[in-house]
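My numbering applies: residue 581 is where the sequence shown begins, and numbers increase by one. C-beta atoms are modelled at their ideal positions from N, C-alpha and C, and glycine is treated no differently. One structure is given here, and the rest of the page talks about it.
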Amino acid sequence: MPNPCSYQSGGYTYANGSGQAMGLWNTFTIPTFEQTAPGHYVIDDAGCSA
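Structure below.
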């Protein structure tokens, strides 16, 4: 299932909205995102709160 918070382009992964680079695309890394506005996400360095 695709992640609604990020997208892949040219082998790299980016956060939706902010375009924040997350590094090379792979299926093993699961980042935590913070939604700062509708459809706008940044990487949440604080980690998962769940």
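How many whole angstroms separate the CB atoms of residue i and residue j, which I take to be in contact at a CB cut-off of 8 Å?
i: Y592; j: S586; result: Going by Cβ atoms, the distance from Y592 to S586 rounds to 10 Å, so no, they are not a contact pair.
For the candidate residues the options, whose alpha-carbon lies nearest to that of residue i?
i: A617; options: G590, P611, L604, N596; result: N596
Could you pull out every residue in the same chain whose Cβ sits closer than 7 Å to the Cβ of residue i, ignoring the five residues on either side in sequence?
i: I623; result: A595, Q600, M602, P611, F613
i: W605; result: Q588, G591, Y592, T593
Go through its chain and collect everything with a Cβ distance to residue i's Cβ below 8 Å, but skip five positions before and after it.
i: H620; result: N596, G597, S598
Between residue i and residue j, what straight-line distance do the alpha-carbon atoms span, to the nearest angstrom?
i: P584; j: Q615; result: 11 Å
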